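**Student:**
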Amino acid sequence: MFTDRIFRRGVIPILLLVLCFSSHAADCGLYPIALSSQTLTGVQPGTVVNNIMNGKQPGNFGWLTWAGSPSVLTLAASLTPPGNSDTYVNPDNPNDRVLSVGDWVQGKPGISNSKNVRDALDALKAVDIVVPVWDQTRGQGNNADYRVAAFARMRLIGYNLPGQSRITARFLGYASCGQENQAPLVDAGADQTLTWPEAALLDATVTDDGVPAGIPVSVQWSVVSGAGSVSFADSQLVDATASFSSNGIYVLRLTASDFLLSAYDEITITVNRPNQAPETFPQAVTTDEDTPKALTLEGADADGDALTFTIDTPPSYGILSGLLPVVYTPTNDYHGEDFFTFKVHDGHLESAPARVSLLVRPVNDPPAADFLSVTNREDNRMEVAMSGADVDGDSLSYVILDPPRFGQLGEVSSNTVCYTPSPDFNGEDRFTFAVYDGEFYSPTTEVSLVILSVNDAPIADAGMDRLIDYGEQVLLVGLASDDDLPADALSFVWSKLSGPGEVVFADSTASNTTASFGAAGIYVLLLTVGDGELSAADTLTVSVNAAPTVQAGPDRIVEAPAL
């Protein structure tokens, strides 16, 4: 039943895990008081330790029971010199009755502040005792167990059991209980491969049996062979750090000693030559305006590593897509110089950026004509200013393609043409045009014309001139027309414009009416027709004839001739 102590992560604790190889536990003078290994961490022999009873599990306060009995009387008997640890029974193996390092001991629940227990503790103040040191626990209450990691020699000084089993004692050192010394076991760790100037993190393991008791194990790293010098951050740490002056193969040795015996193990460190940064190659590329250009980025690596290409600075007048190859697409209609830069990475190092210079040659683009919508009023002539654009800045001329249907166009002057709508036309009209840059015509573009209607004055017709006799009535028949309104929406007014006498109209606001005249003579009548906004008039002449006067002369006597 042999358990090693283990030292890792560069720390060699003072606590030495020892075991008792006696024929029975009484040879070590064991008493059932549980002492935590954490309590003794860094504690030197001769130090007074408070609260050495610090049972961790619920319901337990640091008492142990060798055979699993929770009885206070059994506890008192176990505390009475010379003790009875020879009654120990391993809770995991009833056939194991020798308490050794690595075994589990059952905890006794309760404070156990009885007179028998206090009397036994008072008797122990006069002698040195050995108690188990635990490092792990399990279970709780009656099933709580403590794993033995070592044995410590103590001298009791005082106790305060109502304070949850607080005991004060002086630590006298660790007890070996007669174990035969074995050399430490050393594992320097796995061989490593790294790249200069990377340091090696040495992950070693040293284990020891704890004999001789109280003597810490010392370790030392050294160089067996190598292509250069080796520097250790601390050569006396198990997990040390080693740095190398150059690339090559190095053999390092880790030696461990327990003062009486020593052992070593070796590790091989292969330090590779440092990685060389890759390089890139600049390029100069030409393409035409609006034409994508595929190009292959170029780079190399002296170590033969696989390369990854990345864009460092994107172009200002275009976009990049893809990577192998990368495609440069210039901005629409752009021509001139552009560039971008890229880098390569070999998985470890990155290259300096390389420049790809780009020249985009100009190409003539067709011009573009602008759609136009204009509004005008009926019977009004207007000038239409056509517009277009050419990204190349070429001079443009304007060409009429489809003339309007309800109007006429004049000659084109520069970009201006005169549109004259047909008389009284209102509604929608259109014509089309294109622009020409000397090489290309633009697509056909429309000029939309909206002609707003304008109110026209109505047309009045008072009828034919008339001749009547005095005393007669004249029948007046007024006619009117209006392109904008129906005839029944018009107003009519008859009036006298001139004449020797009074004129009486039967209904002066009717289109058809009669008129009577107060005296013979020549009359001019006026017919006014209105549409609510504009009006028009017409006249007719009515000649009123007086009745003729007959004069027969004076009466006369005429003699008849003789028969």
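In this text, residue positions in the sequence shown follow the working numbering: the first is 287, and each later residue adds one.
Ideal Cβ placement from N, Cα and C applies to all residues, glycine included.
All figures in this text were calculated on a predicted structure; none of them were measured in a lab.
Is the beta carbon of residue 615 closer than 9 Å to that of residue 578?
**Tutor:** Yes.
**Student:** Could you tell me the alpha carbon to alpha carbon distance between residue 308 and residue 535, rounded to whole angstroms?
**Tutor:** Its pLDDT being 34, under 50, residue 308 is placed unreliably by the model, and nothing is read from it.
**Student:** Could you tell me which residues DSSP pairs with residue 579 in its beta bridges?
**Tutor:** BP columns for residue 579 point to 614.
**Student:** Assign residue 394 to one of three DSSP states: helix, strand, or coil.
**Tutor:** Residue state, collapsed to three classes: strand.
**Student:** Buried or exposed for residue 394, please, with buried defined as at least 16 other CB atoms from any protein chain shown within 10 angstroms of its CB.
**Tutor:** It is buried - the Cβ of residue 394 has at least 16 other Cβ atoms within 10 Å.
**Student:** Around the Cβ of residue 605, are there at least 16 other Cβ atoms within 10 angstroms (buried) or fewer (exposed)?
**Tutor:** Under this definition residue 605 is an exposed residue.
**Student:** With DSSP as the reference, identify every bridge partner of residue 621, one or two as the case may be.
**Tutor:** None; residue 621 has no bridge partner.
**Student:** What's the call for residue 724, buried or exposed, on a 16-neighbour Cβ count within 10 Å?
**Tutor:** It is exposed - the Cβ of residue 724 has fewer than 16 other Cβ atoms within 10 Å.
**Student:** In chain order, which continuous runs of the alpha helix (DSSP H) of length 4 or greater are located wholly inside the segment 348-373?
**Tutor:** Entirely contained in the segment 348-373, the alpha helix (DSSP H) runs reaching 4 residues are, in chain order, 358-365.
**Student:** Are residue 455 and residue 329 close, meaning C-beta to C-beta below 9 Å?
**Tutor:** Taking 9 Å as the Cβ cut-off, residue 455 and residue 329 do not qualify as a contacting pair.
**Student:** Quick one: what's got a C-beta closer than 7 Å to residue 407's C-beta in the same chain, skipping five residues either side?
**Tutor:** Cβ neighbours of residue 407 beyond the five flanking positions: 365, 442, 445.
**Student:** What is the rounded straight-line gap between the Cα of residue 761 and the Cα of residue 689?
**Tutor:** Answer to the nearest angstrom: the Cα atoms are 52 Å apart.
**Student:** Which word fits residue 705, buried or exposed, when buried means at least 16 other C-beta atoms lie within 10 angstroms of its C-beta?
**Tutor:** Buried is the call here.
**Student:** Between which residues of its own chain and residue 717 is the CB-CB distance below 7 Å, once the five residues before and five after are set aside?
**Tutor:** Contacts found: 686, 688, 689, 690, 695, 733.
**Student:** Determine the direct distance from the alpha carbon of residue 819 to that of residue 657, and round the result to whole angstroms.
**Tutor:** Spanning the two alpha carbons is a distance of roughly 37 Å.
**Student:** Who are the near neighbours of residue 410 in its chain, counting only those whose CB is closer than 8 Å to its CB and skipping five residues on each side?
**Tutor:** If we look at residue 410 and ignore the five residues flanking it on each side, its Cβ neighbours are 317, 365, 367, 442.
**Student:** Just how far apart, CA to CA, sit residue 728 and residue 651?
**Tutor:** Cα to Cα, the separation comes out at about 10 Å.
**Student:** Taking Cβ positions, are residue 753 and residue 829 nearer each other than 9 Å?
**Tutor:** Against a cut-off of 9 Å, the Cβ pair of residue 829 and residue 753 comes out as a contact.
**Student:** Do you know offhand how far residue 747's Cα is from residue 714's?
**Tutor:** Those two C-alpha atoms are separated by around 33 Å.
**Student:** Touching or not, the segment 591-608 and the segment 630-645, by the rule of three or more beta carbon pairs under 8 Å?
**Tutor:** Contact between the segment 591-608 and the segment 630-645 is present, because at least three Cβ pairs lie under 8 Å.
**Student:** Helix, strand or coil for residue 448, going by three-state DSSP, please let me know.
**Tutor:** It is helical.
**Student:** Using the DSSP secondary-structure output, state which residues sit across from residue 814 in a beta bridge.
**Tutor:** The partner list for residue 814 (beta bridge, DSSP) reads 779, 823.
**Student:** When you compare each of 827, 742, 431, 797 to residue 355 by their alpha carbons, which one comes out closest?
**Tutor:** When only C-alpha atoms are compared, the closest one is 431.
**Student:** Would the beta-carbon of residue 415 fall within 9 Å of that of residue 447?
**Tutor:** It is not a contact, given that the beta carbons lie outside the stated cut-off.
**Student:** Is residue 621 near residue 648, with beta carbons less than 9 Å apart?
**Tutor:** Going by C-beta atoms, residue 621 is nearer than 9 Å to residue 648.
**Student:** May I have a chain-ordered list of the beta strand (DSSP E) segments no shorter than 3 residues that lie completely inside the segment 661-730?
**Tutor:** Segments of the beta strand (DSSP E) lying fully in the segment 661-730: 668-671, 683-688, 693-695, 702-707, 713-722.
**Student:** Measure how close the beta-carbons of residue 549 and residue 471 come, nearest whole angstrom, since I'm counting them as under 8 Å.
**Tutor:** That pair is a contact at about 7 Å.
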